[in-house]
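Sequence order for the protein chains is A and B.
Position one of the first sequence corresponds to residue 1119 (this note's numbering), numbered consecutively onward.
Position one of the second sequence corresponds to residue 1119 (this note's numbering), numbered consecutively onward.
Yeah, the Cβ is synthetic: ideal placement off N, Cα and C, and Gly gets one too.
Remember, predicted model here, so these are calculated numbers, not experimental data.
What follows is a short report on a single structure.
Protein chains: 2
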Amino acid sequence: MNPIPCNARWWLVALASALVWMPGMATTTHVDAQDTVHAPAFTVPFSSYASLEARKLFQRMLEQGRNAPPLDGPIAASRAYYDKINTARAKLMERLYPVTIEQRSIGGVPTQVVTPKQGVTAAEQHRVLINLHGGAFLWGAGAGGLVEAIPVASVGRIEVVTVDYRQGPEHVFPAASEDVAAVYRVLLKQYPAKNIGIYGCSAGGVLSGEAVAWFIHEHLPVPGAIGMYCGAVAELSGDSARVAPVLDGSAPTSPLKLADLPYFKGARASDPLVFPADSPELLKQFPPTLLITGTRDFTMSSEIQSQRLLTIAGVDAELHIWDGMWHSFFSDPEMPESKEAYAVMVHFFDRHLGH
Amino acid sequence: MNPIPCNARWWLVALASALVWMPGMATTTHVDAQDTVHAPAFTVPFSSYASLEARKLFQRMLEQGRNAPPLDGPIAASRAYYDKINTARAKLMERLYPVTIEQRSIGGVPTQVVTPKQGVTAAEQHRVLINLHGGAFLWGAGAGGLVEAIPVASVGRIEVVTVDYRQGPEHVFPAASEDVAAVYRVLLKQYPAKNIGIYGCSAGGVLSGEAVAWFIHEHLPVPGAIGMYCGAVAELSGDSARVAPVLDGSAPTSPLKLADLPYFKGARASDPLVFPADSPELLKQFPPTLLITGTRDFTMSSEIQSQRLLTIAGVDAELHIWDGMWHSFFSDPEMPESKEAYAVMVHFFDRHLGH
């Protein structure tokens, strides 16, 4: 073989220098003149505050994320993938939290009415909860709704109506808001507004806020209380939009924007019926609001910002966060963190709904 | 110059490979079998939720952090450094929030009694707040207490007694708890316990929780409400202990442990009078508690965990977080975030203290 020419020595030096100077090799944090943090590679152990059960499920959550079909792939694949996961979760939940499930069309919208096997308590006879499932306004109908409704119905001894609202890509905003309003109008014949609660996770958390804005727009009374979990009134942004994908194993990803979801095609992000966060006038009419998230949830900052804006608007906005927990963590009923979240949800509606 | 031997070619290849394989060069998150996240280098823009005023102060905060004397250096240097910063802040605050400041020994402990120039309102005549300043149980006496007391006294139209409790390294636990108790005993002659609130930031947040535990231990009645900001009942740990030093420009640092502070020399970390978080029996006797932090505060996770444990214990624990905000952010009165935090503090004590 031929000897390498001498100037290769300088190339070696340059390469070695690159090892030191390339941004990826930085060992300290640098903040540039645009106030952007350039974080070096670093390690984060699993949170010592989180439970052993959560630690066991962490790798399963990572695997589910790795195996998930791409958000922009065929919708049938995504729906089948998440439906399988949610069906298994709902089955497990039914063992832990015995309930009766009835398919019912309410106001022309398909719903599942979930009631506790132990019976609805006397105190909850005159109250009802509406659940709006998660799934990026793309999937989660059916089993996804059951996963959010079953533990709350059972722990709260209350009836929960989970709504299969219209989603993208077949439907666009405000189809889901209209469907929630259709169900709500029927329930208003049976319950005073202050005795009705609405809650949901992820897209369902976003839709819970949008529904309240929609009701105000439609001159309907607002419900007694709402819960916006893992998604709220503010567009996704802030520190968690960048940090959580690192902590939950999904990085690198471009930060997800709700406005980019197929369901919001053609909608204006400046429309307060899409993001009520931008309308103090709407926010101040919101009922008491529960916000739930985790430190490894990319929506954490939008939950935090939603609490901030609701508080400024004079609304009682209660924030609960679990350390080390990921997006929609309480879909897994095995963790103490999930059981604590169910208790917080039930306690919140119990304190705030009318009697 | 002599030609480089041919096998240098292989070394070049090895070096180039190292560029790809060295952990610092990873471009995706990897979670190992011990559930530790290996984060690649990544960037985090300044939070779009945070105010323009906060963005302007971000670089100043970074600079103050860079210039700070080391925690294990001469104590006089640290005290002088922070006293200069706090004196400037207190001066600015006095312009924004006119108050009267009186040096007073209460129960043999030096305090500063801060009252609003506009006068204490009739509703607040029978209430008082005790402030416990921050500063790692090392510094912050004097001006540091004023920074925490002035805006609250002025906005709340209430008297605030800020306590110069004994600190390390000259003194060790439980000297500060004893000093707070000495002041509290005197105030109890004038006010019912339920009309007294206690709050503090950082070490002062930790001490607020320790003081309640100490009162219970001493068979004193608990105060009506407390505020534990940027430090609470749980030892520092969790996701923010790793992530915040990256976001606030201080990485790399070994995560700070409260138990390692000079003040806790000789104390047992398992002592519930040091970390009440470990004692459900103590926690359930806590009064309503306000917790405040930011997403770039290394104590965020301990605040979150404190809320979690207090909630499990049945205590009304209210958590407020501001996105993009750093440790003790509301010491800077120029930001809307700080003004919002003062309003949350005042509103919280107004709702929870006795009349």
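Query                                                                                                                                                                                                 : Result
Roughly how many whole angstroms lie between the Cα atoms of B/Val1273 and B/Ile1430?                                                                                                                 : 32 Å
With a threshold of 16 other CB atoms inside 10 Å of the CB of B/His1445, please say whether the residue is buried or exposed.                                                                        : buried
Given A/Glu1388, which residues of its chain have a CB within under 8 Å of its CB, disregarding the five upstream and five downstream residues?                                                       : Here residue 1388 of chain A turns out to be Ser, not Glu, going by the sequence shown. Result list for A/Ser1388: Asp1396, in chain order.
With 16 other CB atoms within 10 Å as the buried threshold, where does A/Leu1256 fall?                                                                                                                : buried
Looking only at its own chain, which residues have a Cβ that is under 8 Å from the Cβ of B/Val1290, when we skip the five neighbours before and after it?                                             : Pro1380, Tyr1381, Phe1382, Lys1383, Gly1384, Ala1385
So for A/Ala1136, helix, strand or coil by DSSP?                                                                                                                                                      : Bear in mind that the predicted position of A/Ala1136 carries a pLDDT of just 38, short of 50, making it too unreliable to give a figure here.
Run through chain A and tell me which residues come within less than 7 Å of B/Thr1146, C-beta to C-beta.                                                                                              : Ala1369, Pro1370
Within the 7 Å Cβ cut-off, does B/Arg1173 reach chain A?                                                                                                                                              : yes
The beta strand (DSSP E) spanning B/Ala1157 covers which residue range?                                                                                                                               : 1155 to 1157
In the DSSP assignment, what are the bridge partners of B/Ala1343?                                                                                                                                    : B/Gly1315
Determine the direct distance from the alpha carbon of B/Pro1394 to that of B/His1465, and round the result to whole angstroms.                                                                       : 26 Å
Between which two residues does the alpha helix (DSSP H) containing B/Thr1239 stretch?                                                                                                                : Counting along the chain, B/Thr1239 falls outside any alpha helix (DSSP H), and DSSP gives it neither H nor E.
In the DSSP output, what is B/His1438 paired with across the bridge?                                                                                                                                  : B/Ile1410
Could you name the residues of chain B that A/Ser1442 contacts, counting a contact when the two beta carbons are closer than 9 Å?                                                                     : Correcting the residue type first, residue 1442 of chain A is Gly in the shown sequence and not Ser. Within chain B, the residues near A/Gly1442 are Gly1356, Asp1357, Ser1419.
Specify, as a first and last residue, the run of the beta strand (DSSP E) that B/Arg1222 falls within.                                                                                                : 1217 to 1224
With respect to the beta strand (DSSP E) encompassing A/Pro1228, which residues constitute its N-terminal and C-terminal limits?                                                                      : 1227 to 1234
Could you work out which residue in A/Thr1407, A/Glu1171, A/Pro1234 is closest to A/Ala1271 when comparing CA atoms only?                                                                             : A/Pro1234
Report back the beta-carbon spacing between A/Ser1295 and A/Glu1328 to the nearest angstrom; my notes put them in contact at under 8 Å.                                                               : 5 Å
Looking at the structure shown, is B/Pro1141 part of a helix, part of a strand, or coil, going by DSSP?                                                                                               : Annotation note: pLDDT 42 at B/Pro1141 (below 50); position unreliable, coordinate value reported separately. Helix.
Applying the 10 Å Cβ sphere with the 16-neighbour rule, what's the burial state of A/Gly1318?                                                                                                         : buried
Assess contact between the region 1297 to 1309 of chain B and the region 1362 to 1378 of chain B, defined as three or more Cβ pairs (one per stretch) separated by less than 8 Å. Is contact present? : no
Report the start-end ranges of each alpha helix (DSSP H) in the region 1346 to 1425 of chain A that is 4 residues or longer and not cut off at the edges.                                             : 1356 to 1365, 1398 to 1401
Any beta-carbon of chain B closer than 7 Å to the one on A/Ala1159?                                                                                                                                   : yes
Is the CB-CB distance between B/Ser1424 and B/Val1265 below 7 Å?                                                                                                                                      : no
Find the residues of chain B that neighbour A/Gln1182, judging by a C-beta separation of less than 7 Å, and give them in chain order.                                                                 : Simply none; closest approach about 13 Å.
Using beta carbons (cut-off 7 Å, strictly below), is A/Asp1378 in contact with chain B?                                                                                                               : no
Just to confirm before moving on: does the CB-CB distance between A/Val1351 and A/Pro1405 stay below 7 Å?                                                                                             : no
Kindly list the residues whose CB is nearer than 6 Å to the CB of B/Ala1267, restricted to its own chain and excluding five residues on each side of it in sequence; keep chain order.                : Val1232, Asn1249, Val1278, Thr1280
Identify the residues that DSSP records as bridge partners of B/Ile1248: which are they?                                                                                                              : B/Val1279, B/Ile1316
Could you check which residue in B/Phe1176, B/His1244, B/Glu1212, B/Leu1189 has the C-alpha nearest to that of B/Lys1307?                                                                             : B/His1244
For A/Arg1222, I'd like the list of residues in its chain whose CB is within less than 6 Å of its CB, leaving aside the five on either flank, ordered along the chain.                                : Thr1229, Val1231
I want to verify the contact list: residues of chain B whose CB lies under 7 Å from the CB of A/Ser1166, in sequence order.                                                                           : Ser1355, Gly1356
Give the C-beta separation of B/Gly1342 and B/Ala1311 to the nearest angstrom, bearing in mind that I take them to be a contact with Cβ-Cβ under 8 Å.                                                 : 7 Å
Measuring only between beta-carbons, confirm whether B/Asp1434 sits less than 7 Å from chain A.                                                                                                       : no
Alpha carbon to alpha carbon, what distance is there between A/Glu1242 and A/Ala1377?                                                                                                                 : 37 Å
Kindly say whether A/Arg1360, judged by its beta-carbon, lies nearer than 7 Å to any beta-carbon of chain B.                                                                                          : yes
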